Every structure is written in C-alpha cells, then in structure tokens.
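Below you'll find the structure, written out as structure tokens, and then a few comments.
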Amino acid sequence: MNSQGINKDQLHVLVSGRVQGVGFRFFVKYQADRLNLTGYVRNMPEGQVEVLAEGLPKDLDQLLTLIWMGPSGALVVDVIQNRCRASGKYHDFEIEPRAGY
Numbered sequence: 228m229n230s231q232g233i234n235k236d237q238l239h240v241l242v243s244g245r246v247q248g249v250g251f252r253f254f255v256k257y258q259a260d261r262l263n264l265t266g267y268v269r270n271m272p273e274g275q276v277e278v279l280a281e282g283l284p285k286d287l288d289q290l291l292t293l294i295w296m297g298p299s300g301a302l303v304v305d306v307i308q309n310r311c312r313a314s315g316k317y318h319d320f321e322i323e324p325r326a327g328y
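Take any residue in the sequence shown, note its place counting from 1, add 227, and you have its number in my numbering.
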C-alpha cells in the first residue's frame with residue numbers, strides 16, 4: 228500500500244510477434260499515459276517488447292487487454308506476464324532505449 232492508502236501492482240510483460248518497427252512502444256506509452264500508469268516500454272534484442280507498468284490493478288488489466296490488441300500493423304502472438312506489488316520507483320511512463328545497449 229502506498230502513502231495514499233491505495234494498493235498498486237506492477238505488471239511485467241514480454242510481448243512476442245510482429246511488435247518492433249510498427250509503433251508498438253509509442254502505442255503502449257500512449258495507453259499507459261492515458262491510464263495514469265508509470266514504468267517503461269523498450270525493445271528487446273530478440274525482437275520482443277518489454278513492458279513494466281505500475282498502477283491500479285484495473286488499469287493494468289486494461290493495459291494488458293490493449294497490449295494484446297496492439298496498434299495497426301502489429302501482430303501479437305504471445306504475452307508472458309508477471310504481477311507483483313508495485314515498487315513505487317517510477318514517476319512517469321517512458322520509452323527506454325533498447326535493452327542491451
């Protein structure tokens with residue numbers, strides 16, 4: 228529970244499919260900002276996209292549904308997800324540089 232008495236969770240997702248070069252990270256950032264989530268999205272060297280988002284469970288559920296839909300041009304074939312208690316260390320939602328650089 229954070230200092231305001233609100234339970235927040237963390238959602239960590241690895242998205243596979245046609246998810247790089249199709250605006251997927253920008254799509255996720257837009258949706259995360261709209262849902263008042265914090266965290267990051269970034270491309271992975273293996274062609275996947277990693278998403279780490281923190282916020283209210285209902286908002287994380289909505290983000291997960293939107294991730295499965297993806298932007299036009301994307302084709303999501305697999306989503307591996309893990310949830311835990313939010314760390315509280317993120318203050319906004321960012322597009323981070325590709326992992327491994």
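The beta carbon of each residue, even a glycine, is placed where N, CA and C say it ideally should be. Given the structure is predicted, the values throughout are model-derived calculations rather than measurements.
Best match in the options for proximity to residue i [C-alpha to C-alpha]
i	options	result
Asp319	Asn234, Leu293, Leu262, Val240	Leu262
Lys323	Thr292, Val246, Met296, Phe253	Reading the sequence as shown, one finds Glu at residue 323 and not Lys. Measuring from the Cα of Glu323, the nearest candidate turns out to be Phe253.
Ala259	Gly248, Pro272, Gly297	Gly297
Leu287	Arg269, Asn270, Arg312, Glu273	Arg312
Gln275	Val303, Arg310, Lys316	Val303
Gly315	Val306, Leu283, Trp295	Leu283
Met271	Gln289, Thr265, Phe251	Phe251
Val255	Ala326, Leu293, Gly300	Leu293
Gly290	Ala301, Gly300, Leu264	A quick correction: the sequence has Leu, not Gly, at residue 290. Answer by Cα proximity: Leu264.
Three-state class that DSSP yields for residue i in the structure shown
i	result
Asp305	strand
Leu283	coil
Leu264	coil
Val255	helix
Gln289	helix
Ile233	coil
Cβ shell of residue i (< 7 angstroms), same chain only, five flanking positions each side left out
i	result
Met228	Only weak support is given to the placement of Met228: the predicted model assigns it a pLDDT of 49, under 50, and the value that follows is read from those uncertain coordinates. Result list for Met228: Asn234, in chain order.
Cβ neighbours of residue i in the same chain (closer than 6 angstroms, five flanking residues each side left out)
i	result
Asn321	Asn is not the amino acid found at residue 321; the sequence shown has Glu there. If we look at Glu321 and ignore the five residues flanking it on each side, its Cβ neighbours are Tyr267.
Gln308	Val240
Assess contact between the segment 274-281 and the segment 233-243, defined as three or more Cβ pairs (one per stretch) separated by less than 8 angstroms. Is contact present? yes
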